[in-house]
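17 is the number of the first residue of the sequence shown in the working numbering; add one for each residue after it.
Glycine included, C-beta positions come from ideal geometry on N, C-alpha and C.
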Amino acid sequence: MELSQILLSEIKFDLSAFTLDIIIPCALALIFGGIIGFQREKAERPVGLRTHALVCLGSTVFTLISYTGFSSIDYGTVDPSRIAAGIVTGIGFIGAGAIFRQGTLVRGVTTAASIWIVSSVGMALGVKLYYLALVVTILGFVTLSILKYFEDRLINVPKYSLRVTTSCDFTGLDKIINLLREEPIEIKSKKYKSDSENHKKIFTITFSSKNTDTSTIIINKLSKLKDIEEINIY
């Protein structure tokens, strides 16, 4: 009999402890990962709630398999830390996918770090370190949201409000956003208003940028779009 078959035959699952040992860690993984993911989703990052929740859940499941599934094996020596090490390696590939570069601008590093954090939360849940997982989740959320609030005020990055007036036929809000994201800016808010009386659409976008030339560059790019009638930045 092959070694893999022997190992599988020795794995025993205690269904009586299924609720406490399996459901609770997995449910908490979805909740804790979702909390971090919600912040990323709210910040309009491409990797948001679902990805963070799934990464946290996956890390929890692999850790549970590592430390619970092989706990009753009497044949040979099993190193449960190998699966945990594999989680860290796998998260590296996912995190790399969240980072992209546009010219001299690099985006997604903070999101990649948040994915790394939720994977550690999942591993903590997998070994039943619930308080550690809770503390890390709270600290991660505080770092991403509250510290960002103070960072903006301490560094004092200039904020701008972009007002774009278009014809009623204009449907290219995504084009405007994509053009803005090509520049080293951070979009704070987006608003849309329809002026049916004058047959116009008005888009107001608030953003911050350290580059003083950004406003001129944005105006030049947006002026080339069809159906743009007026552009103001103040």
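Limits of the unbroken beta strand (DSSP E) element including residue i
i, result
"residue 179", "175 to 183"
"residue 227", "Run containing residue 227: none; DSSP gives neither H nor E here."
"residue 245", "244 to 249"
Three-state secondary structure (DSSP) of residue i
i, result
"residue 222", "strand"
"residue 208", "strand"
"residue 24", "Low per-residue confidence applies at residue 24: pLDDT is 49, beneath 50, and the placement is therefore not dependable, though the value from the model is reported in the following sentence. Correct three-state label for residue 24: helix."
"residue 240", "coil"
"residue 57", "helix"
"residue 144", "coil"
"residue 234", "helix"
"residue 36", "helix"
Cα-Cα separation between residue i and residue j, rounded to whole angstroms
i, j, result
"residue 47", "residue 159", "18 angstroms"
"residue 74", "residue 138", "7 angstroms"
"residue 239", "residue 49", "41 angstroms"
"residue 232", "residue 249", "9 angstroms"
"residue 196", "residue 83", "47 angstroms"
"residue 241", "residue 39", "52 angstroms"
"residue 29", "residue 110", "Because residue 29 sits at a pLDDT of 49, beneath the cut-off of 50, its placement in the model cannot be relied upon, and the following sentence gives the value as read from the coordinates. Taking the straight line from one Cα to the other gives about 31 angstroms."
"residue 164", "residue 72", "23 angstroms"
"residue 81", "residue 156", "26 angstroms"
"residue 162", "residue 99", "34 angstroms"
"residue 215", "residue 182", "9 angstroms"
"residue 209", "residue 59", "21 angstroms"
"residue 228", "residue 201", "11 angstroms"
"residue 141", "residue 106", "18 angstroms"
"residue 136", "residue 148", "10 angstroms"
"residue 247", "residue 191", "15 angstroms"
"residue 166", "residue 62", "24 angstroms"
"residue 70", "residue 179", "38 angstroms"
"residue 230", "residue 237", "11 angstroms"
"residue 124", "residue 133", "14 angstroms"
"residue 55", "residue 203", "15 angstroms"
"residue 57", "residue 36", "30 angstroms"
Of the listed residues the options, nearest to residue i (C-alpha basis)
i, options, result
"residue 144", "44, 219 and 249", "44"
"residue 52", "202, 77, 152 and 125", "152"
"residue 130", "67, 220, 198 and 227", "67"
"residue 112", "99, 103, 127 and 100", "127"
"residue 175", "182, 219 and 223", "223"
"residue 78", "104, 146, 190 and 192", "104"
"residue 199", "136, 42, 247 and 234", "234"
"residue 243", "203, 218, 41 and 226", "218"
"residue 177", "193, 154 and 205", "205"
"residue 76", "57, 225, 55 and 102", "102"
"residue 42", "193, 146 and 154", "146"
Run of the alpha helix (DSSP H) containing residue i, from where it starts to where it stops
i, result
"residue 124", "Note, residue 124: premise wrong, no alpha helix (DSSP H); not H, not E."
"residue 68", "65 to 80"
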